[in-house]
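Residue numbers (the numbering used here): 13 to 113.
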């Protein structure tokens, strides 16, 4: 299993996750730009930021190389679980940053 980390990390769509996280964080910081941010508005913007990040994460389960890796002895579920395990720390860091903004 440790031998799979590097090849699976190369297949993670880091650009899509980065774009979704950047848009989400830009949305999360937008209530700070107003004079008196309303609590309800801030919660709604945080929800929109979460949706933007989730759209970036949606590309995580898309594996364009699934047809070429069909002969690999490791099942696709294991590869998806490893991809998810690689992104969980990034998601936790993003959520912490979004809440602290």
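A virtual CB, placed ideally from N, CA and C, is assigned to each residue, including glycine. Only a predicted model underlies this, so the values are computations on that prediction, with no experimental measurement involved.
Which listed residue (58, 24, 16 and 54) has its alpha carbon closest to that of residue 100: 24
Test item: CB-CB of residue 109 and residue 37 under 8 Å: With respect to the 8 Å criterion, residue 109 and residue 37 are classified as neighbours on the basis of their beta carbons.
task: Would you mind sorting residue 91 into buried or exposed? The rule is 16 or more other CB atoms within 10 Å of its CB.
output: buried
message: For residue 84 and residue 95, what's the separation of their Cα atoms in angstroms?
response: 16 Å
- prompt: How about residue 21 and residue 71: do their beta carbons lie closer than 8 Å?
  reply: no
- prompt: So, using beta-carbon positions, are residue 4 and residue 55 closer together than 8 Å?
  reply: Because the chain is modelled from 13 through 113, residue 4 falls outside the range shown and cannot be assessed.
- prompt: alpha helix (DSSP H) containing residue 47: first to last residue?
  reply: Per DSSP, residue 47 belongs to no alpha helix (DSSP H) and is neither H nor E.
- request: Find out if the Cβ-Cβ distance for the pair residue 65, residue 32 is shorter than 8 Å.
  value: yes
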